[in-house]
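In what follows, a single structure is set out as structure tokens and then discussed.
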Amino acid sequence: MSLATLLVLADGRLPSGGHAHSGGLEAAVAAGRVREVRDVGGFLRGRLQTTGFVSAAFAASACARTGAFMDLDRGLDARTPSPALRRASRAQGRALVRAGRAMWALPDVGREPHHPVALGVLAAAAGLGPLEAAVAAAHGAVSGPASAAVRLLGLDPYAVHSLLAGLAPEIDRIAADAAARADDPVDALPAAGAPLLDIGAELHATWEVRLFAS
Amino acid sequence: MHPELHEHGPDEVPHTHPDPGVDPHTPLHPGPRALRIGIGGPVGSGKTALVAALCRALGAELRLAVVTNDIYTTEDADFLLRNGVLPADRIRAVETGCCPHTAIRDDISANLDAVEDLEATLGPLDLVLVESGGDNLTATFSKGLIDQQIFVVDVAGGDKVPRKGGPGVTTADLLVINKTDLAPLVGADLSVMDRDARARRGELPTVFLSLVGDKAATPVADWIRALVAARVPAA
Amino acid sequence: MRAGARIVAEADGRGGTRLAVLRGESPLLLRRTGPRTGGDVTVHLVGGAAGPLRGDDLRLDLEAGPGARLTVRSVAAQLALPGRPGAPASRLEIRAVVAAGATVRWLPEPLIAAAGCDHRAVTRVEVEAGGAVLWRDDLVCGRHDEPSGDVHTDLIIRYAGSTLHRHELAVGPRAPGWSGAAVLGGARAVGSLVLAGPDLPEAALLGGDAALMTLAGPGMLATAVGQDIRQVRAALDPLCVERQRLPAPA
Ligand SMILES: Nc1nc2c(ncn2[C@@H]2O[C@H](COP(=O)(O)OP(=O)(O)OP(=O)(O)O)[C@@H](O)[C@H]2O)c(=O)[nH]1
Ligand SMILES: [Mg+2]
């Protein structure tokens, strides 16, 4: 396993569309639930344990069995009740596949797979394993919204990054958990939901003026 | 990364690379893809007004579509719709997460998806105009996204803009100095702007424009016509 | 305490539904309620004791045969309590099988996670093509002025052989971030309603923190988050009522 390859895959500067998504943070800010660094911390922790865990498990699983990408994709559909979030995940999956194709030879993963499925398949094509795929997914689930928080609220970037550093051990634990379940049947994979992320995404999709795609 | 360009060490993990013969951006349609022109420039310089003028001028002779990158999602797209210069299915708005320049330069994926979707739903196109959100003088388009770029500045900020330079002014394939009708009002000297632009840009063309006076943006439309003609061999 | 209960509803061949099996034991006691006329049979869980408590292992099986129409409610909220320290988590497992042309409506009172509880609710619903369910679960995080106990809900609804909706929710001190702005945002009540089958309503925002969303498969999910259970009811109850008024399929 190449650590440097993992860094390439998990880098926020990877041109895969992530910069335009706030991971639900823009909606939470508008609802008045996130105002300061503390609130961002609570948001990120909850997102990591829910969406982050599910993404990590599906990325690990897609990495371990790239041929099962369609079943895994349907599994994520069943775990994503919000149509706006399904669209956002598929848009990011498509963008990630585009970036991946330029870097590695990808097997078939469909035109617009869910983002975690795309991530797992890319990881496999890059010679990485399920644990690395899971780390990249769990880390991405919080680093994106953290950067959106800096942009939306003008928060101190050092303070926000210290939140990410504080979450690192939890990211590792979640990724290890996710990777340990990579071979489970799709129905048995984690399904931790976050009601406010679903509801917020549906509200957000109706706004006339918004800065982020989701 | 291409196989012929690097060597694998004996202890390297097994991995794969794309076939260097396959362009990862292969268009969905066989045949030539549309000419893509980026239109960038500072806030309010007249990018959307130029896009609207070009749609009016070229809409009848070219199959065209527009992608907008606004700070506020759909503002520019809405303007184009309200003004009826193009049907709604020919306009896509891309969200840019507070950073229009990221979406046109560093991470162009959402724009590429939008262009591809337009070509997939509308069939082959001759021209796609990609308008950037208003940004600063350093914002330029990635060559992975567009073929040629136009940078639009206006005279309203005074005649110093070309002298200040910046990648937009210096390297754009066409520099448009817009709102010349306002020059007397703000005391901008067009000949100074012309001289500075030449100094910065060498052989690259610069045109002066007033969209109030020239609703068809004639010099810009002609420049585009020439590009399209040069690209598609006359049948 | 271990206990099981079972309901089997069948079409009676005259446009109505009869209960072929209605068997319960404390604390899962069952009563047939409501009018004996009309196509629909209603059963209430009448509850034998406060609970579940740590160590309890409860199971409820529901089955609706082709064309049967079954509604299950409860007379009072379920109050998950701490029970004996060190005992394993309490557990309520519900399994439902819904045949083609059958409708099951699960409309219980809320589950309340009392401080110190440790409870797991596992629900597996299997609906054949052409069957319908209305599946409601409300959760209140702690009684008045007390912190929430630990509750983990785990739901799978399958329709026509594919998983339609798969959802877990964890609240309480062992669930990091559950009260953060991504999950419940400090709210104390959350409710969900899954509609599966034919004749689905349009997606809608339900006001406040509530939305009715179109699932990827043939179903919808309404989710509501509120400061208290009244806000959740205000968003979700109307959907349950409307559904009730739908005419029986011919
Ligand atoms: N006087 C004058 N006004 C113009 C001209 N061109 C555009 N405008 C006006 O300038 C204003 C801004 O024009 P837009 O086309 O919206 O500018 P933009 O560059 O798209 O702005 P952003 O997308 O917000 O960065 C509008 O009120 C236009 O009507 C011109 O040639 N002369
Ligand atoms: Mg504009």
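Protein chains in written order, with the numbering used here: chain A, 453 to 666; chain B, 3 to 237; chain C, 9 to 258. Note that CB positions come from ideal geometry on N, CA and C, so glycine has one too.
Member of the options whose CA lies at the smallest distance from the CA of residue i
i, options, result
"A:Leu-616", "A:Ala-456, A:Gly-494, A:Gly-476", "A:Gly-494"
"B:Glu-205", "B:Ala-219, B:Thr-173, B:Arg-227", "B:Thr-173"
"C:Pro-181", "C:Leu-220, C:Glu-136, C:Ala-121", "C:Ala-121"
"A:Ala-611", "A:Ala-456, A:Asp-491, A:Ala-482", "A:Asp-491"
"C:Gly-199", "C:Arg-144, C:Arg-174, C:Met-9, C:Arg-39", "C:Arg-144"
"B:Asp-128", "B:Arg-35, B:Asn-71, B:Ala-228", "B:Arg-35"
"A:Ala-551", "B:Cys-100, B:Leu-211, B:Val-188, B:Leu-114", "B:Leu-114"
"C:Thr-231", "A:Ala-665, A:Ser-666, A:Phe-664, A:Gly-652", "A:Gly-652"
"C:Gly-138", "C:Pro-116, C:Val-130, C:Val-105, C:Arg-14", "C:Val-105"
"B:Ser-144", "B:Glu-63, B:Thr-104, B:Cys-100", "B:Thr-104"
"A:Leu-619", "A:Thr-457, A:Arg-499, A:His-471", "A:Arg-499"
"A:Ser-666", "B:Glu-97, B:Asp-196, B:Val-87", "B:Glu-97"
"A:Gln-501", "A:Asp-525, A:Arg-526, A:Ala-630", "A:Ala-630"
"B:Asn-85", "B:Cys-101, B:Arg-58, B:Arg-65, B:Ile-106", "B:Arg-58"
"C:Gly-227", "A:Ile-623, A:Pro-582, A:Ser-454, A:Ser-534", "A:Ser-534"
Distance, residue j Cα to residue i Cα
i, j, result
"A:Gly-464", "A:His-591", "10 Å"
"B:Ser-111", "C:Thr-111", "46 Å"
"B:Thr-208", "B:Arg-200", "8 Å"
"B:Gln-150", "B:Ile-39", "5 Å"
"B:Val-222", "B:Gly-167", "21 Å"
"B:Ala-158", "B:Leu-176", "19 Å"
"A:Asp-639", "C:Ala-189", "27 Å"
"B:Lys-217", "B:Ala-55", "6 Å"
"B:Ala-67", "B:Ala-141", "22 Å"
"C:Val-29", "C:Asp-20", "13 Å"
"C:Gly-42", "C:Pro-93", "40 Å"
"C:Tyr-204", "C:Pro-60", "The sequence given here places Ala at residue 204 of chain C; Tyr does not occur at that position. Computed Cα separation, rounded: 29 Å."
"A:Asp-635", "C:Arg-99", "26 Å"
"A:Glu-488", "A:His-613", "13 Å"
"C:Ile-164", "A:Ala-479", "28 Å"
"C:Arg-31", "C:Leu-208", "32 Å"
"A:Ala-516", "B:Ala-51", "52 Å"
"C:Val-202", "B:Ala-231", "57 Å"
"A:Gln-544", "B:Val-53", "28 Å"
"A:Leu-580", "A:Ala-644", "25 Å"
"A:Arg-603", "A:Ser-595", "13 Å"
"C:Ser-34", "A:Ser-507", "41 Å"
"B:Ile-226", "B:Asp-161", "26 Å"
Residue i, DSSP secondary structure in three states
i, result
"A:Thr-658", "helix"
"C:Gln-86", "strand"
"A:Gly-618", "helix"
"B:Met-195", "helix"
"B:Thr-172", "helix"
"C:Thr-131", "strand"
"C:Ala-17", "strand"
"B:Asn-85", "coil"
"B:Trp-225", "helix"
"C:Ala-195", "coil"
"C:Glu-154", "coil"
"C:Asp-145", "strand"
"A:Met-522", "helix"
"B:His-103", "helix"
"B:Ser-1", "Because chain B in this structure spans residues 3 to 237, residue 1 of chain B falls outside the shown range and cannot be described."
"C:Glu-136", "coil"
Proximal residues to residue i (C-beta, below 6 Å), its chain only, five neighbours per side dropped
i, result
"B:Gly-241", "Chain B is shown only over 3 to 237; residue 241 of chain B falls outside these bounds and no answer can be derived."
"C:Ile-156", "A small correction: the amino acid at residue 156 of chain C is Ser; Ile does not occupy that position in the sequence shown. Same-chain partners within the cutoff: Ala-121, Cys-149, Gly-150, Val-179, Gly-180."
"C:Asp-217", "Val-233"
"C:Gly-73", "Glu-18, Ala-107"
"C:Gly-194", "Ser-187"
"A:Ala-462", "Ala-588, His-591"
"A:His-656", "Ala-479"
"B:Leu-192", "Ala-185"
Own chain, CB closer than 7 Å to residue i, minus 5 neighbours either side, in chain order
i, result
"A:Thr-503", "Ala-593, Ala-646, Leu-649"
"B:Val-117", "Arg-38, Val-69, Val-130"
Close Cβ partners of residue i (< 8 Å) along its chain, the five nearest in sequence each way excluded
i, result
"B:Asp-91", "Thr-123, Leu-124"
"B:Leu-83", "Ala-90, Ile-93"
"B:Val-171", "Leu-139, Phe-153, Val-155, Val-163, Pro-164, Leu-177, Ala-199, Arg-202, Arg-203"
"B:Asp-183", "Ser-212, Val-214, Gly-215"
Residue i CB to nearest heavy atom of ligand 3 below 7 Å
i, result
"B:Asn-71", "Ligand 3 is not part of this structure, which contains only ligand 1 and ligand 2."
| said: Please output, in chain order, the residues near ligand 2 using a CB cut-off of less than 5 Å to any non-hydrogen atom of the ligand. | reply: Per the CB criterion, closer than 5 Å to any heavy atom of ligand 2, the qualifying residues run in chain order as B:Lys-49, B:Thr-50, B:Asp-78.
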